[in-house]
Ligand code: SAH
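Residue numbers (our numbering): 476 to 1001.
Quick look at the structure:
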C-alpha cells in the first residue's frame, strides 16, 4: 500500500557487534551506529560499542526494560517496528552475527511484513571469532576440515530434542557449541554415545575477546569436570575436536607480548583514547579507570588580562606544562574572543612532547620543547638562553601544580604570571567494573601518565595501592616514576621517550624480555 503520510520512512539496521572486543564490529556496522537515532541493544558483546551512538540517540537495553524485566522477542520486534514506523534510523545491535542464534531472521522478517526497510550488517560470530580470540582455529590444515555450530540450549536427554548429537558426533571435525555451559555433561555424554572418542580434545572459552576471557582445556571425557573446577560460566563457547589441542600453541599471549594483558589506563576519559587504541592494536585489554577529572577553575578576568598582554607582546614566553593546560587555555582564549594570533610575538615552550603535540593540534608550533617531561628540563633550557631577567612569562597551569618551575624562574629574575585554569581531581565516581578488577588483583599492567593519576588512583582506592602490588608498573617519565615510588608502587618501566607511544614501546620491550613463554604441553604439538 503506497503511503501518502508525511512521516519519513524509517530504516532499521540489524547489526552484528561481534563477540565483545569493540574493535570487532564491521566498518559498516559502526557507520550505522554512528548515525543511529535509536539503538536497541542486547547485552552480550555490545557494552563497549554503545558509546559510538550519537549523543542524543535513544538507547534501549533489550535485556532490561523499564520495570527491570527482560524484553521478550515479540516486544523487541514490536519496538524496532514502532521506531522504524516513526521514521527513525534504528540500529538493532546484536552480539556476534545477527543470524547465528540471534533471532535476527525473525526480526528482519517482521520488518519486511511491516513494510519497514531493513539492512542486515553481518558480524563476527563468537563461534569462529571468539574461538580465534581464545587461540583456537576452527579449521586447521591436516587437523580439521569441517565444522558445525550447534545450540546447546536444548536438553540432549530429551528424545524430542532438535539437535541430533549422535549424528553430529562423528559427522564433522570441529563442533562448536553455543549456549551449552549449563549442559556440558549431557552434551559430552551424548557425543561419546554417538561414537566420538572420549579422548577428543575439548575446550571452553568464556567471555571470548574481552578482558574477562578465560580458557579451560581437557578432553570430551574430562571437560565437564574441568569447567566446573575452573568455575567457567556463561557466556562461553564449548569446542570439541582436535583443534582444541592447538590452543596451547596458538594462545594469543604466546604470539605477542602484550596480548591478553589487562592494562589499567588511568588518564581522563577524553585523553585515554590514544593509549587505549595503541594497546588494543597489540591485543592488550585496556581497563579504563580515569583517575583524573578536569575541573575547570577559570577566572574570565584573568584570561582576558592574559589575552591583552599576549596581544600587546608584553610576554616574552608562554610555558605550557601539560596538554591539558594547552587545551583549556586555548578554549578559554577562544571564549574570550582571541585566537592563535595572540601568540604572534610570544615564544612558546612546551614541557614534554605530549604538550608539544597538543599545541600542534591547535596550530601552534612550540619554539622550545623540553626533552624531558620535567619542569627542570625546560628551566635549564630557558635559563641557558641567557637573559631571563626582566622577562615576563605566562604560565597557564593546574591548581596545586608543582612550584619548582615558577620559583626557579623568579629566582632567575623573570616576572611570572601564573594563570590557574583547572584542578585535576579524582572523579566523583569511578566505573565500578574497573574498580572491582583492580581490587580483585586482576590487573596485569598499570600505566601512569602523570603524577596526579598516581595520587588520585591511591585516593580512589582508599589510600592503598597494594591491590596493584603484583602488576607491572609503567610510567611515562621520571617525575611520575618518583611519585609512584613514593606511594609504594616502584615502577618496572620508565619510558625514555615521554609519549604514549614511547611508553607502550618500553612496556612491550619489558614484557617481551621478561616473560616466560607459555609452554607447550607435550603431545599437543601441531
Ligand atoms: N549471535 C551470537 C550468538 C548468540 S547466542 C554470535 O554469533 O556469536 C549466545 C551464545 O553465544 C552464548 O551463550 C555463548 O555461547 C556464545 N557467545 C557469544 N559471545 C560470546 C563470547 N564473547 N564468549 C563466549 N561465548 C560467547
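All residues carry an ideal CB built from backbone N, CA and C; glycine is no exception.
| task | May I have the straight-line CA-CA distance separating residue 820 from residue 793, to the nearest angstrom? | result | 11 Å
| query | So, residue 715 versus residue 666, is the Cβ gap smaller than 8 Å? | reply | yes
| field | Extent of the continuous alpha helix (DSSP H) run through residue 722 | value | 722-725
| Residues bridged to residue 1002 (per DSSP) | No answer is possible for residue 1002: the residues shown for the chain start at 476 and end at 1001.
| request: Locate the alpha helix (DSSP H) running through residue 985, then write down its first and last residues. | output: 975-989
| query | In angstroms, rounded to a whole number, what distance separates the CA positions of residue 984 and residue 810? | reply | 44 Å
| said: Taking DSSP's pairing of strands, which residues face residue 615 in a bridge? | reply: 619
| field | Close beta carbons around residue 690, own chain, < 6 Å, minus the five adjacent residues each side | value | 609 and 680
| said: Just to check my reading of the structure: residue 490 and residue 598 have Cβ atoms closer than 8 Å, yes? What is that Cβ distance to the nearest angstrom? | reply: 7 Å
| field | Enclosing alpha helix (DSSP H) for residue 871 [first to last residue] | value | It is not in any alpha helix (DSSP H) - residue 871 instead sits in the beta strand (DSSP E) that spans 867-873.
| message | At a threshold of 7 Å, does residue 569 count as lining the ligand SAH (C-beta to nearest heavy atom)? | response | yes
| request: Quick one: grab the DSSP three-state call for residue 780. | output: helix
| request: Indicate, with yes or no, if the ligand SAH has a heavy atom lying under 7 Å from the CB of residue 519. | output: yes
| residue 922 beta carbon less than 8 Å from that of residue 753 | no
| request: Pull up the distance between the alpha-carbon of residue 1002 and that of residue 808, whole angstroms please. | output: In the structure as shown, the chain begins at 476 and stops at 1001. Residue 1002 is therefore absent and cannot be evaluated.
| query | Going along the chain, which residues of its own chain have a beta-carbon closer than 7 Å to the beta-carbon of residue 848, five neighbours each way excluded? | reply | Residue placement at residue 848 cannot be trusted, given a pLDDT of 47 that sits under 50; what the coordinates show is reported in the next sentence. If we look at residue 848 and ignore the five residues flanking it on each side, its Cβ neighbours are 826, 827, 951, 952, 954 and 973.
| said: By alpha-carbon positions, which one of 549, 902, 646 and 632 ends up nearest to residue 659? | reply: 632
| field | Best match in 946, 924 and 497 for proximity to residue 957 [C-alpha to C-alpha] | value | 924
| field | residue 771 (DSSP reduced to helix, strand or coil) | value | strand
| field | 6 Å CB neighbourhood of residue 661 in its chain, flanking five on each side removed | value | 631 and 632
| message | Helix, strand or coil, according to DSSP, for residue 840 in the structure here? | response | coil
| field | Nearest-angstrom beta carbon gap, residue 552 and residue 581 [assumed within contact, 8 Å] | value | 7 Å
| Which whole runs of the alpha helix (DSSP H) in the segment 920-951 are 4 residues long or more, in chain order? | 926-935
| task | Please report the residue range of the beta strand (DSSP E) in which residue 691 lies. | result | 689-694
| query | Using the C-alpha atoms, what's the distance from residue 946 back to residue 915? | reply | 12 Å
| In the structure shown, what three-state DSSP assignment does residue 486 receive? | strand
| message | My output table needs one value for residue 845: the three-state DSSP class, helix, strand or coil. | response | strand
| What residue from 898, 517, 867 and 884 has the CA that sits closest to residue 874's CA? | 898
| Are the Cβ atoms of residue 500 and residue 524 separated by less than 8 Å? | yes
| Whole-angstrom C-beta distance between residue 782 and residue 896, which should lie under 8 Å | Not a contact, Cβ separation roughly 13 Å.
| query | Grouping DSSP H, G and I as helix and E and B as strand, with all else coil, what is residue 897? | reply | strand
| said: If you measure between the beta carbons of residue 589 and residue 624, is that distance less than 8 Å? | reply: no
| request: Determine the DSSP secondary structure at residue 826, reduced to helix, strand or coil. | output: strand
| message | Applying the 10 Å Cβ sphere with the 16-neighbour rule, what's the burial state of residue 796? | response | buried
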